[in-house]
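Numbering (full-length UniProt numbering), first residue to last: 1 to 287.
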């Protein structure tokens with residue numbers, strides 16, 4: 001007989017995941033499936049307060065889901081969906097490793113589930129490129145925030161937010177504008193702007209996170225793509241990240257963003273992991 005438990009002891013969850021060869025992720029809450037006293041499956045999740053505030057919706061991010069069988073994972077997700085619907089959750093973001101076909105099949109069978117894209121994580125040792133950009137690259141300051149935020153609009157249309165039919169194009173634009181602004185106002189560990197004839201034509205923002213430096217957001221003004229702006233911005237921030245003494249740098253991009261993947265490969269990055277993204281809407285209608 002199965003039973004559900006919320007927020008089981010963390011050491012019990014970590015032991016279960018380690019036995020399955022899964023690295024635990026940071027999380028706020030858990031929903032666990034037990035048979036007698038044996039853990040059979042777990043969903044780790046957290047409230048996405050920043051996105052919730054921006055979209056004016058109750059949004060949950062599933063950080064990790066695992067079970068001993070597809071049937072148990074299906075039962076777990078069905079119960080999770082019902083609980084989130086009762087709690088008034090508007091949508092759930094679920095990230096699934098690309099190799100976990102069983103989990104993808106389970107999520108796709110949930111009501112109001114939308115496949116919204118995929119992510120390829122690439123990694124590289126931190127290195128020096130000795131690049132010479134054809135434009136000025138400077139560390140961005142408060143005076144660059146508005147130009148950076150404006151440039152972020154329409155710059156990330158391959159992102160999952162633009163692929164969800166229940167989210168408007170304008171709301172996705174607003175998210176990236178505020179994401180870049182939030183980074184510029186202190187979240188980013190480093191940020192640089194590229195200027196040409198006094199105009200901001202690109203920016204990059206990165207985070208010192210755990211044991212690696214993460215390239216978070218990068219955008220280039222239309223008309224300047226293909227002229228090396230992305231390469232020189234990425235090379236510059238990677239070189240400057242040496243101050244944090246990380247050994248690796250990571251970047252994430254959509255699997256269908258061929259231009260970005262080729263750029264990172266040219267810079268020496270290698271594919272590390274890939275994921276499929278789903279948005280599941282158990283609650284209210286979208287905007």
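Beta carbons are placed, not taken as given, at the ideal position from N, Cα and C, and that holds for glycine. Please read all numbers here as calculations on a predicted model, not as lab measurements.
Limits of the beta strand (DSSP E) - the one that residue i falls within
i, result
"residue 123", "113-125"
Endpoints, the alpha helix (DSSP H) within which residue i is located
i, result
"residue 28", "Neither: residue 28 is in no alpha helix (DSSP H) and is coded neither H nor E."
"residue 79", "70-86"
"residue 17", "10-19"
"residue 108", "101-108"
According to DSSP, residues forming a beta bridge with residue i
i, result
"residue 38", "35"
"residue 62", "45 and 94"
"residue 67", "41"
"residue 5", "32"
Member of the options whose CA lies at the smallest distance from the CA of residue i
i, options, result
"residue 121", "194, 235, 249 and 266", "249"
"residue 25", "14, 162 and 77", "14"
"residue 272", "283, 257, 280 and 253", "253"
"residue 204", "6, 215 and 8", "215"
"residue 19", "185, 179, 67 and 49", "67"
"residue 48", "260, 90, 12 and 131", "90"
"residue 226", "56, 262 and 197", "262"
"residue 213", "245, 232 and 193", "245"
"residue 1", "112, 143 and 72", "72"
"residue 134", "21, 241 and 232", "232"
"residue 178", "158, 202, 146 and 76", "146"
"residue 243", "159, 128 and 144", "128"
"residue 126", "274, 267, 282 and 7", "267"
"residue 166", "55, 69 and 11", "55"
"residue 88", "142, 182, 52 and 148", "52"
"residue 70", "58, 282 and 100", "100"
"residue 201", "130, 220, 111 and 176", "220"
"residue 154", "35, 217, 4 and 23", "217"
"residue 35", "46, 222 and 76", "76"
"residue 123", "270, 255 and 283", "270"
"residue 314", "256, 148 and 149", "Only positions 1 to 287 of the chain appear in this structure, which leaves residue 314 out of reach."
"residue 290", "38, 144, 86 and 188", "Residue coverage of the chain in this structure runs from 1 to 287, which leaves residue 290 outside it and unanswerable."
"residue 138", "199, 27, 161 and 5", "199"
"residue 184", "159, 151, 158 and 224", "151"
"residue 181", "161, 189, 136 and 148", "148"
heavy atom of the ligand COA below 7 Å from residue i C-beta
i, result
"residue 148", "The ligand COA is not among the ligands present in this structure, which contains no ligands whatsoever."
C-beta neighbour in chain B for residue i, strict 8 Å
i, result
"residue 194", "Within the model displayed, chain B is absent; a lone protein chain is all it includes."
Can we say the stretch 22-33 touches the stretch 41-51, given the rule of at least three CB pairs closer than 8 Å? yes
Counting pairs of beta carbons, one from the stretch 92-100 and one from the stretch 58-68, are three or more of them closer than 8 Å? yes
What ranges does the alpha helix (DSSP H) occupy inside the UniProt domain "N-acetyltransferase" (135-287), keeping only unbroken runs of at least 4 residues that lie completely in it? 145-152, 160-163, 169-182, 229-240 and 258-266
Would you call the stretch 231-242 in contact with the stretch 74-83, where contact means no fewer than 3 C-beta pairs closer than 8 Å? no
Taking three-plus beta-carbon pairs below 8 Å as touching, is the stretch 99-115 in contact with the stretch 202-217? no
Taking 8 Å as the cut-off, does the stretch 111-131 touch the stretch 267-283 (at least 3 CB pairs, one atom from each stretch)? yes
For the stretch 164-177 against the stretch 194-203, do three or more pairs of beta-carbon atoms, one drawn from each stretch, fall closer than 8 Å, so that the two count as touching? no
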